[in-house]
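Heads up, the sequence shown is in this note's numbering, so the first residue is 48 and it goes up one at a time. Glycine residues also receive a C-beta, built at the ideal position from the N, C-alpha and C atoms. Heads up: the structure comes next, in structure tokens.
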Amino acid sequence: MKAQKIYNSISEFFHSINLEIEQDFDFTIHSLDRLHGDKAISSPFFRTNYVAFLIIESGKGHYTIDEHWFELKPMSFYFTLPGHLKSFTIEENWKGYMLTFSLEFLKSNYPGSVEQDFPFLLKETVPVMYLQDQDYARINRLCEVFIQEYNGNSAFKKRILANQLVTFLFQTKELLLSHQATISMENRPAEIVKSFQLALNKNLLDITRGKAEFIWNVQDYANKLNMHPNYLSSSVKSQTGKTAKQWIDERIISEAKSLLKNTDMSVSEIAYSLTYEDSSNFSRFFKKKTGLTPANYRNS
Numbered sequence: 048m049k050a051q052k053i054y055n056s057i058s059e060f061f062h063s064i065n066l067e068i069e070q071d072f073d074f075t076i077h078s079l080d081r082l083h084g085d086k087a088i089s090s091p092f093f094r095t096n097y098v099a100f101l102i103i104e105s106g107k108g109h110y111t112i113d114e115h116w117f118e119l120k121p122m123s124f125y126f127t128l129p130g131h132l133k134s135f136t137i138e139e140n141w142k143g144y145m146l147t148f149s150l151e152f153l154k155s156n157y158p159g160s161v162e163q164d165f166p167f168l169l170k171e172t173v174p175v176m177y178l179q180d181q182d183y184a185r186i187n188r189l190c191e192v193f194i195q196e197y198n199g200n201s202a203f204k205k206r207i208l209a210n211q212l213v214t215f216l217f218q219t220k221e222l223l224l225s226h227q228a229t230i231s232m233e234n235r236p237a238e239i240v241k242s243f244q245l246a247l248n249k250n251l252l253d254i255t256r257g258k259a260e261f262i263w264n265v266q267d268y269a270n271k272l273n274m275h276p277n278y279l280s281s282s283v284k285s286q287t288g289k290t291a292k293q294w295i296d297e298r299i300i301s302e303a304k305s306l307l308k309n310t311d312m313s314v315s316e317i318a319y320s321l322t323y324e325d326s327s328n329f330s331r332f333f334k335k336k337t338g339l340t341p342a343n344y345r346n347s
């Protein structure tokens, strides 16, 4: 099977299907009718490195994610997460909103624990929610506020949008609880990915709390899950498009970025908190993955 391209931003993906949108940073919100116009669209399969939320006021279509298929109709609300293989089809013109952001944007602007407060952002797949009028109106109002701020010229736009995003995510969390949205992941590779990501998040959380002495590598996770590391890596790669090592490195970088932006810890202290005995090794790793030194990233 030919590998699908992984898109790092919504503007990059839309360019690939001959639709152009502007994007200044790792958060966007757009009206669906402005994005897609009035033409039917059937997308190719693709993967993304960003989170996407859609609320559909009217229209008809469907989307697939991995092996799952979901109908889209008026007052549908759903989101997709990084790494999954997906596609969508618009059969009747959509109206509503699409909101996208990177997990880095959220973690860099939220001082709390994303893993603890928004665990649904770490799930494998969450099914579509078909909202009642009251719930739809509440989410739609938030999107209208987003649009107004996103199209404005405030010097504090990014911070305001980040704070509004936190409110939006807590509202989503409440909806998920009320809808009891769950999905059975029946195939073995998907279960492996779920277990791996839960273990990955726990290890990083234990590191930040001083409850773990070192960051696990692929072999450690394979031992935890009672499987060969090659099988773990191939399962993760087949389901997400990224290797287990890439996931581990990205989580370390994400945690480091959050500490650099949200604390006054020195680079050496951050390196030590992430179990690096030599801060220069941490700095080299950070620059290799981001193109910036930790100090330059903090000041950016």
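Rounded to the nearest angstrom, the Cβ distance from E118 to H109 is 5 angstroms, consistent with a contact under 8 angstroms.
Rounded to the nearest angstrom, the Cβ distance from R345 to K308 is 7 angstroms, consistent with a contact under 8 angstroms. In the DSSP assignment, no residue is bridged to V175. Counting along the chain, A99 sits inside the beta strand (DSSP E) bounded by residues V98 to I112. In the DSSP annotation of this structure, the continuous segment of the alpha helix (DSSP H) that includes K335 starts and ends at S326 to T337. In terms of CA proximity to Q179, N187 leads the group N187, V173 and F60.
Here Y183 carries a helix assignment [DSSP, helix/strand/coil]. Segment contact: the region 294–305 against the region 148–156, three or more CB-CB distances shorter than 8 angstroms; contact assigned.
For K142, the uninterrupted beta strand (DSSP E) segment begins and ends at K133 to F148. Closest in alpha carbon position to T111, among T127, K170, E221 and V265, is T127. Under the three-state reduction of DSSP output, Y157 falls in the coil class, being neither helix nor strand. When C-beta atoms of the region 85–94 are compared with those of the region 134–147, three or more pairs fall below 8 angstroms, so the two segments count as touching. In the DSSP assignment, W116 falls within the unbroken beta strand (DSSP E) covering H115 to L119. Judged by beta-carbon spacing, L146 lies within the 8 angstroms limit of F193, meaning their Cβ atoms are closer than that value. DSSP places I76 inside the beta strand (DSSP E), whose first and last residues are F74 to S78. Comparing C-alpha distances from I295 to each of A209, L321 and S315 shows the shortest one belongs to L321. Take Y319, set aside five residues on each side of it, and the residues of its chain with a beta-carbon closer than 8 angstroms to its own are S326, in chain order. Rounded to whole angstroms, the Cβ separation of C190 and I76 is 7 angstroms, and the two are in contact under 8 angstroms. Residue state for S123 is assigned as strand, using DSSP reduced to three classes.
Contact between the region 236–244 and the region 265–285 is present: 3 or more CB-CB pairs across the two stretches fall below 8 angstroms. A distance of 8 angstroms or more separates the beta carbons of Y125 and L79. Inside the region 197–278, DSSP marks whole alpha helix (DSSP H) runs of 4 or more residues at positions 204–226, 235–255 and 265–271, from first to last along the chain.
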